[in-house]
Amino acid sequence: MTEEKNWHTHRDAKNARLASASSLFNGKFAKTEDVVEVLNTLIKPGDKVVLEGDNQKQASFLSEALTKVDPERVHDLHMIMSSISCPEHLDIFDLGIASKMDFSFAGPQSTRVSQMIADGTMTVGDIHTYLELFGRLFIDLIPNVVLVAADKVDREGNLYTGFNTEETPTIVEAAAFHDGIVIVQANEVVDKLPRVDIPSDWVDVIIPADKPYQLEPLFTRDPQAITELQILMGMMAIKGIYAKHHVQTLNHGVGFNTSAIELLLPTYGEQLGLKGKICRNWELNPTPTLIPAIESGWVQSIHSFGGEVGMEKYIAARPDIFFVGKDGTMRSNRALGQVAGQYALDMFVGSTLQIDQWGNSSTVTNGRLSGFGGAPNMGSNPTGRRHSTPAWQSLKPDDDPLAKGQKLVVQMVETFGANKKPVFVDHLDAEEVRKEAKLANVPIMIYSEDTTHIVTEEGIAYLYKTDSMEERKAAIEAIAGVTPVGLRSNPEEVKKLREKGIVALPEDLGVRREDAKRSLLAAQTMDDIVEWSHGLYNPPAKFRSWS
Amino acid sequence: MEKLHFEYQNSTPVKKFAHVGVVASGDLEILVYPADGEKTTLDITTGSDGFEKVWQNVLDRFFARYPLNGKFIVHDFGATPGVVNLRLTQAMEALKDEK
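Protein sequences, first through last, are from chains A and B.
Using our numbering, read the first sequence as starting at 1208 and increasing by one per residue.
Using our numbering, read the second sequence as starting at 34 and increasing by one per residue.
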């Protein structure tokens, strides 16, 4: 008889770790001042550690504590983070506490990430899309320890994450059901929660934080900064894409181009008689610039990846539109939002820093390894999908009896950035960055094959209508302005593409450039948005021009 | 501050005056008059030096699509090529309007 195999080594290890730290706990609760010792005791060298941090919400109390652990006891951690947002997320690599990183987005820290990879201070597993990263938490990146943030916790250890639930339940689930340790920082300990977002049974350790977790109002765009060029592009998109394809379900990226569209719906969209026909159901963070469209009756529903600072009261007062708990506060969910964004939408509209001659786009530019967040999920066509919506069907080629439709993936860019650098380039900087950072794949954000439309100030290229790469390139050249790519375009070719409906200039769409005025925006200032919201929207201080 | 001058041979005569754009950072104003002679002329005053080639490209592309024969006076305050093209095409629309 052979010795019986131990099938619960993970559970034994978890129990041993918790037992070794038991003197630090009162039930599940540890003291604020003991946070570093809790991490020293519960985290072991080589652990896979998820540190909650996305582009909005940061487990900032725990991430700061992690920089203070003893590198003799805690080292070579394999960090898994959807967003590298704070300096301390990288300090732990300089301090020898962590050595490897799997991530999705590194916007604010993108320059330093580039340097650390070049120096060998950090090795990168992969730069994931959100769904790849969340998915792999349950496959081959199963965490040993997760460090997450909650708004409120009750005496039993139930968590309220509210508006900013985001990815907390997904991260916690990956650990809680595979013998990982769940450590939570809490803004506040209360007797009774507004509602339970995560049950105490999934939680191992709770540490009251010295201050509330860090939260960024990332999706707030001041209408004051919207330009006439963006308004023109918005008008073209509404008429030449939204109306043409009867787009009913959609996601907007975070830029000013899409804010302009949101503010044009109640004015220009109304003039075109499109209300009720387009833009009804959204996967979108609660962007303040959508308030005028909501108030004018355009929007039926909005599900959100995350919250948005200042929108709390407005959302609570509009439960027909938003996903709101019985307690009156919104619940967001990034993983489900990304699933919806990839699989359930007619259209994604985004922006980028570079588009190459073939139509691939990326926000990774020289010296900046930014990663992409949600755009590659939303901005890709899931080929296994079968949808009957008019928009999806409208991209079906008519010469193939077995053909299926396609998601609309729209890139909206000005041909030159504000720094006068061309957006259209022959080769993406990302090609070089791949070599420097030794990545397996060129960090392309949205692939040419998935991109169905490109909108610039010159016009729209309907890439899905092209039937060869040569034609696709010519369509891009036709709207690429005086960038190196655009300069290859010739008037004869543009004429042919316009006749075939592959390229449309404003005059082809019946859009008058002279109408592209700021007065066409439903709200021109933050003040106007507050007024549209009946005083329910409360802009963060940095967006206020008064008080 | 730089002054640039360009000339073109274009076919569609400008018959009236048009003024588009504003004097503001990142923007420009364009005044268009009927041509003085045979040639289309552009006199550009720009706050961003060293962009002569880009101006040439923007104008080549614009006149290839819209061959307006007129006299153009441009005051530029650091507009991107996209904004320049917006203002040029707005001027083209203003000139076409039957008013």
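Built from N, CA and C at the ideal position, the CB exists for glycine as well.
Since the structure is predicted, the reported quantities are computational estimates derived from the model, not experimental observations.
- Taking the C-beta atoms as reference points, H1634(A) is found no nearer than 9 Å to H1385(A).
- The C-alpha of T1494(A) is placed about 11 Å away from the C-alpha of G1462(A).
- DSSP places H1215(A) in the coil class of the three-state scheme, outside both helix and strand.
- At least 9 Å separates the beta-carbon of I1468(A) from that of W1489(A).
- Put simply, the region 1252-1265 of chain A touches the region 1275-1287 of chain A. At least three CB pairs are less than 8 Å apart.
- Under a 10 Å Cβ-count criterion, D1219(A) is classified as exposed, with fewer than 16 other Cβ atoms of the shown protein chains found around its own Cβ.
- With a threshold of 16 other beta carbon atoms within 10 Å, G83(B) falls short and is exposed.
- Within the model, the alpha-carbon separation for N1492(A) versus I1485(A) is close to 19 Å.
- Using a Cβ-Cβ cut-off of 9 Å, Q42(B) does not count as an interface residue toward chain A, since no Cβ of chain A sits closer than that to its own.
- Around the beta carbon of I1334(A), a 10 Å sphere encloses 16 or more other beta carbons of the protein chains shown; the residue is thus reported as buried.
- For a Cβ distance threshold of 9 Å, nothing in chain A lies close to N102(B): the least Cβ distance comes to about 17 Å.
- Contact between D1715(A) and R1725(A) is ruled out by a C-beta separation of about 24 Å, above the 8 Å threshold.
- Distance from the CA of A1432(A) to the CA of A1223(A), rounded to the nearest whole angstrom, comes to 56 Å.
- Our two residues, N1262(A) and I1667(A), have alpha carbons roughly 31 Å apart in a direct line.
- Contact annotation, T1318(A) with G1574(A): C-beta distance approximately 6 Å; criterion of less than 8 Å satisfied.
- Residues of chain A whose Cβ lies closer than 7 Å to the Cβ of V56(B) do not exist, since the nearest Cβ in that chain is about 15 Å away.
- Minimum Cα-Cα distance from E1477(A) among the listed residues Q1455(A), N1464(A), H1459(A), I1445(A) corresponds to I1445(A).
- Using a CB distance cut-off of 9 Å, L61(B) does not count as an interface residue toward chain A.
- In the DSSP assignment, V1242(A) falls within the unbroken alpha helix (DSSP H) covering 1242-1249.
- R120(B) has no beta-bridge partner at all, per DSSP.
- Per DSSP, N1573(A) lies in no beta strand (DSSP E) and is assigned neither H nor E.
- Under the 9 Å criterion on CB atoms, K1627(A) is classed as interfacial with respect to chain B.
- Under the Cβ distance rule, E126(B) counts among the residues neighbouring chain A, one pair being separated by less than 9 Å.
- Take the alpha-carbon of A1551(A) and the one of A127(B): they are about 43 Å apart.
- Residues of the same chain with a CB within less than 7 Å of the CB of P1406(A), apart from the 5 flanking positions on each side, are N1365 in chain order.
- Beta-bridge partners of S1290(A) (DSSP): F1312(A).
- Nearest to L37(B) by C-alpha distance, out of V87(B), I77(B), P114(B), is I77(B).
- Counting only the Cα atoms, N1745(A) lies some 15 Å from A1730(A).
- Straight-line measurement puts the Cα of Y1475(A) at about 40 Å from the Cα of D69(B).
- Secondary structure within the region 1411-1444 of chain A: the beta strand (DSSP E) runs of 3 or more consecutive residues, fully enclosed, are 1412-1415 (chain order).
- Between the alpha carbons of G1717(A) and A1272(A) lies a distance of about 59 Å.
- Contacts between P1495(A) and chain B, judged by CB atoms closer than 7 Å, are missing: the closest CB pair is about 24 Å apart.
- Ranked by how close their Cα comes to the Cα of V1389(A), the residues K1221(A), S1290(A), F1512(A), P1499(A) have K1221(A) in first place.
- The secondary-structure analysis by DSSP pairs I1667(A) across a beta bridge with V1662(A), A1711(A).
- Those residues of the region 1715-1731 of chain A placed with their C-beta closer than 8 Å to a C-beta in chain B are R1719, R1720, E1721, A1723, ordered along the chain.
- A1450(A) sits away from V1257(A), with the two beta carbons spaced by 9 Å or more.
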